[in-house]
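Numbering (this note's numbering), first residue to last: 7 to 463. Single-structure report; data block below.
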């Protein structure tokens, strides 16, 4: 066999397969090339590897921050020292080996970058191509071939006999009591092969079960610290998800669920957060980030950048948790975009489109330059503006005029166009009034005017 070209770094096998078990299987390049050490250019594993149960604790890397090494020992028997969370001694810069053993793993993959821009380097890489597992939609009176998969309820079936499905004879939608299980459906014979809920392929799978006796527990932890001054052209995402639909066919809503990031909340009891973003502030600006969450891109979403389809008491809340001050420096919501509208309200509301129950000096501050009106009401309703509050001074007030709680208008000046009723029986309602150059007219009853003459003084 022609050996592979030498890789950098070249690993030496610390405990070769077939030899007595060491505390851990390890690939460690720290002594590669030295006399007596194995210099592996290629490691081929052609069968399943079974490792023993919990063995001796491996402390060889305890206290060594992020070495170039791979260690494997079942039962979390590899002690290691992650640079960002390693306990090396008492507080301060004092190093004491008695403190080293505070992080353990069953599999440790640790490394530092080795190359310049010639290649992208990953300490751990998983690549997957998925091209199997499709389940056709199930339908009655439909032809299926041998090997076709279908999902019925939470059951996945494979056609073991080709034919045409019947009407009302679909196989059960749940897991059978025993296997193998087959069901006749028209001229098709189906065999149960899986639960539909897990009829999927996964690039990488993480499962964490927290049981009685557990302390703090993470499903996965990503600890990312920038310790170099950011420079032009650098890109530092903690985690990046590149999700693209290159099929040429849109994922239609209600047909296919194509979701870049999905958080599924389940269980028989409530959790605290579906997603949480926290920050402790910084020594430069006082804030941890410019934006805690940013959605950007002119074409990022066809309908809405944020869609809320829950039946929670509040769709979008600010400060209702009671945790923290939640005191924004400028506003809870601020819109400085060039959108046609800042807020659009549609649909049927049982109480109000906007309800203000706050204790504030004013409900709405309207400023800026408006081309039409500061407030425009153009609906078809019994009442355009309805005032039903308990007002101490005025129901409504403006510059030089007001309407007091009893409905009395006080104004520094009243002005109305000169107008003369056609006759004393001209149409009017009691309380109407008019005036011209000679008389003041008052409607004292329906279609009944009286007048008083005006005189100079």
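Built from N, CA and C at the ideal position, the CB exists for glycine as well.
Item: Anticipated Cβ contact below 8 Å, residue 177 with residue 189, distance rounded; Value: 4 Å
Item: Through-space distance from residue 307 to residue 258, alpha-carbon basis; Value: 13 Å
Item: Cβ shell of residue 65 (< 7 Å), same chain only, five flanking positions each side left out; Value: 85, 107
Item: Separation of residue 413 from residue 394, as counted between CA atoms; Value: 12 Å
Item: Three-way DSSP call (helix, strand, coil) for residue 445 in this model; Value: strand
Item: Runs of beta strand (DSSP E) wholly within the region 43-105 (minimum 3 residues, chain order); Value: 75-78
Item: For residue 72 and residue 123, the rounded distance between their alpha carbons; Value: 22 Å
Item: CA-to-CA distance, residue 129 to residue 115, given in whole angstroms; Value: 7 Å
Item: Classification of residue 204 by the beta-carbon crowding that lies within 10 angstroms, buried from 16 upward; Value: exposed
Item: Rounded separation between residue 193 and residue 256 - CA only; Value: 35 Å
Item: Closest Cα partner of residue 56 within the set 79, 75, 63; Value: 79
Item: Helix, strand or coil at residue 289 according to DSSP, with G and I counted as helix; Value: coil
Item: Nearest to residue 244 (by Cα), restricted to the options 253, 230, 339; Value: 230
Item: Reduced DSSP category for residue 156 - H, G, I as helix; E, B as strand; rest coil; Value: strand
Item: Length of the line joining the Cα atoms of residue 228 and residue 162; Value: 35 Å
Item: Residue 455, enclosing beta strand (DSSP E) - first and last residue; Value: 454-459
Item: For residue 403, the first and last residue of its enclosing beta strand (DSSP E); Value: 402-404
Item: Helix, strand or coil at residue 258 [DSSP, three-state]; Value: coil
Item: When 223, 137, 457, 88 are compared against residue 209, the one with the closest alpha-carbon; Value: 137
Item: C-alpha distance - residue 269 paired with residue 280, whole-angstrom precision; Value: 7 Å
Item: Beta-carbon spacing of residue 303, residue 314 below 7 Å; Value: no
Item: Buried versus exposed call for residue 437 [16 or more other C-beta atoms within 10 Å across all chains shown]; Value: exposed
Item: Proximity of residue 156 and residue 144 at Cβ, strictly below 7 Å; Value: yes
Item: Backbone CA spacing between residue 196 and residue 147 [nearest angstrom]; Value: 15 Å
Item: Cβ neighbours of residue 214 in the same chain (closer than 6 Å, five flanking residues each side left out); Value: 225
Item: Where residue 238 falls: helix, strand or coil (DSSP); Value: coil
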